[in-house]
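Novice: Going by our numbering, the residue at position 367 of the sequence shown is 367; the numbering climbs one at a time, nothing skipped.
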Amino acid sequence: MRIAVLTETHPGEARVAATPDSVKALVKAGASITIEKGAGAKASFPDAAYEEAGAKTSTRATALKDAELILSVRRPDEAVLAKFPKDAVLVGLLEPHDGKAFAEACAKGGINALAMEYTPRITRAQAMDALSSQSNLAGYRAVIEAASIYGRAFPMMMTAAGTIAAAKAFVMGAGVAGLQAIATARRLGAIVSATDVRPAAKEQVASLGAKFVAVEDEEFKAAETAGGYAKEMSAEYKAKQSELVAAHIAKQDIVVTTALIPGRPAPRLITKAMVEAMKPGSVIVDIAASAGGNCELTKADEIVEHGGVKIAGFSNLPARLAADASQLLAKNFVNLYPLLKDEAGKLAPQWEDDIIKGMTLTRDGQVIHPSFGG
Numbered sequence: 001m002r003i004a005v006l007t008e009t010h011p012g013e014a015r016v017a018a019t020p021d022s023v024k025a026l027v028k029a030g031a032s033i034t035i036e037k038g039a040g041a042k043a044s045f046p047d048a049a050y051e052e053a054g055a056k057t058s059t060r061a062t063a064l065k066d067a068e069l070i071l072s073v074r075r076p077d078e079a080v081l082a083k084f085p086k087d088a089v090l091v092g093l094l095e096p097h098d099g100k101a102f103a104e105a106c107a108k109g110g111i112n113a114l115a116m117e118y119t120p121r122i123t124r125a126q127a128m129d130a131l132s133s134q135s136n137l138a139g140y141r142a143v144i145e146a147a148s149i150y151g152r153a154f155p156m157m158m159t160a161a162g163t164i165a166a167a168k169a170f171v172m173g174a175g176v177a178g179l180q181a182i183a184t185a186r187r188l189g190a191i192v193s194a195t196d197v198r199p200a201a202k203e204q205v206a207s208l209g210a211k212f213v214a215v216e217d218e219e220f221k222a223a224e225t226a227g228g229y230a231k232e233m234s235a236e237y238k239a240k241q242s243e244l245v246a247a248h249i250a251k252q253d254i255v256v257t258t259a260l261i262p263g264r265p266a267p268r269l270i271t272k273a274m275v276e277a278m279k280p281g282s283v284i285v286d287i288a289a290s291a292g293g294n295c296e297l298t299k300a301d302e303i304v305e306h307g308g309v310k311i312a313g314f315s316n317l318p319a320r321l322a323a324d325a326s327q328l329l330a331k332n333f334v335n336l337y338p339l340l341k342d343e344a345g346k347l348a349p350q351w352e353d354d355i356i357k358g359m360t361l362t363r364d365g366q367v368i369h370p371s372f373g374g
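1. Should the stretch 135-150 be regarded as contacting the stretch 305-317, the criterion being three or more beta carbon pairs within less than 8 Å?
2. Please check the pair isoleucine 249 and alanine 277, which I expect to be a contact at CB under 8 Å, by giving their CB distance rounded to whole angstroms.
3. Name the DSSP beta bridge partners of threonine 159, please?
4. Taking alanine 194 and leucine 317 to be in contact with their CB atoms under 8 Å, please state how far apart those CB atoms are, rounded to whole angstroms.
5. Can you list, in chain order, the residues of its chain with a C-beta nearer than 8 Å to that of proline 280? Leave out the 5 residues immediately preceding and following it.
6. Compare the C-alpha of cysteine 106 against each of Arg320, Arg2 and Gly365 and name the closest.
7. Could you tell me whether the Cβ atoms of serine 44 and alanine 323 are closer together than 7 Å?
8. How is isoleucine 368 classed by DSSP in three states: helix, strand or coil?
9. Looking at the secondary structure, which residues open and close the beta strand (DSSP E) in which isoleucine 284 lies?
10. Rounded to whole angstroms, what is the Cα-Cα separation between aspartate 286 and isoleucine 270?
11. Indicate whether aspartate 353 and leucine 339 have their beta-carbon atoms separated by less than 7 Å.
12. Quick check: the stretch 291-298 against the stretch 9-16, are there 3 or more CB pairs under 8 Å?
13. Alpha carbon to alpha carbon, how far is threonine 19 from alanine 181? Give it in angstroms, no decimals.
14. With histidine 306 as the anchor, note down where its alpha helix (DSSP H) starts and where it stops.
15. How big is the Cα-Cα spacing for methionine 158 and alanine 167?
16. Taking just the CA atoms, how far does isoleucine 3 sit from arginine 187?
17. Between the stretch 92-104 and the stretch 30-47, do three or more beta carbon pairs fall short of 8 Å?
18. Just the Cα atoms here: how many angstroms apart are glycine 54 and glutamate 36?
19. Going by beta-carbon coordinates alone, are alanine 82 and isoleucine 111 separated by less than 7 Å?
20. Once DSSP output is grouped into helix, strand and coil, what is the label at valine 176?
21. Go through its chain and collect everything with a Cβ distance to serine 133's Cβ below 7 Å, but skip five positions before and after it.
22. Judging by CA-CA distance, which residue of Pro349, Ala259, Val215 and Ile164 is the nearest neighbour of glycine 175?
23. Would you identify the three-state DSSP class for valine 80, choosing helix, strand or coil?
24. As a quick exercise: from Ala169, Arg268, Leu6 and Arg124, pick the residue whose alpha carbon is nearest that of phenylalanine 84.
25. Would DSSP call serine 234 helix, strand or coil?
26. Of the residues Pro267, Ala63, Ala247 and Val256, which one's Cα is nearest the Cα of alanine 273?
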């Protein structure tokens, strides 16, 4: 199978869809891989490392010529997509929740597109779950960014000159990113609390040594979908939770928000009034900035200061750990690869497999994913 990996075209994207390690694994499985020159440079993977691992490096045009499988971190722009060979399979984080236009463009070009965002949350697919691998790093990096912006120590420090109190950190949303944020803040020595609308999160938060904060009524007990995602809560519940959270946030030094609902704007968790109740010098890191933000004052890719409180809206935290994020994402692709070939190693996606079926946006010139009415 002929695989192509291109330089990412999205502004600020430093990740790459293949690493020298993943190239070795794919070549061992019988694949032929061409990497666009410089594709891994921002993630500290030079062309020579890919060549040593068994890949060819070339121009974008040469990489795409006769390519059967194209691996991508983000969805390519229209100009690049137009150069894809017909019947090629594109796999990546294709941002399908942004609308049908990209899927329609793939269908028009005869490209079979598989979105990693739609990887089913089943045990067999865990090793292919790119959202989880990237969210894990986002949660870690969010706390590191918070520590840098905060400008004070996280742990309690007892010295001859006096004692420095430990920072208080509050994590909103205890999914993959949130749990890693909790763990990281704890490792740095902060006093950590967290909230989530999913009942299962309470035990997970406690297991990491953090205090759980939530309105635990009957609606809370049923606030999780079969796929493990948070449900949209009622206005009444939001009001009660908001009142509880407002009082809690006012006492915090660090707040990390991670709440996302697939296909919808990020839920508004922190109002301007809540920010104004926080102490000067406090920091909010909003992981949901790319979806509109959990904080009313968040601006994507900016650090906003309001009343002495800094609100950081990093829209692509995994790209700030480009080498590690690329390594994990590339491994997700390697784990998916057996479902994209036959025993002879030729391109043959197992279209009826639950994992491939769940990920498929377009096939044979048609938009077929149920989210688009397919």
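Note that beta-carbon positions come from the ideal geometry of N, C-alpha and C, so glycine has one too.
Specialist: Let's see:
1. Taking 8 Å as the limit for Cβ pairs, the verdict is that the stretch 305-317 does touch the stretch 135-150.
2. Beta-carbon to beta-carbon, isoleucine 249 and alanine 277 are separated by about 7 Å, close enough to satisfy the 8 Å threshold.
3. According to DSSP, which records beta bridges pairwise, threonine 159 is partnered with Gly162.
4. Going by Cβ atoms, the distance from alanine 194 to leucine 317 rounds to 18 Å, so no, they are not a contact pair.
5. Gly307, Gly308 and Val309
6. Gly365
7. yes
8. coil
9. If you look at isoleucine 284, you'll find it in the beta strand (DSSP E) that goes 283-286.
10. Going from the Cα of aspartate 286 to the Cα of isoleucine 270 covers about 10 Å.
11. yes
12. no
13. 26 Å
14. Taken as a continuous stretch (DSSP letters only), histidine 306 belongs to no alpha helix (DSSP H), being part of the beta strand (DSSP E) at 303-306.
15. 14 Å
16. 40 Å
17. Touching, no, given that fewer than three Cβ pairs across the two stretches are closer than 8 Å.
18. 14 Å
19. no
20. helix
21. Leu328, Leu329 and Asn332
22. Residue Ala259 is the option with its Cα nearest to glycine 175.
23. helix
24. Leu6
25. coil
26. Measuring from the Cα of alanine 273, the nearest candidate turns out to be Ala247.
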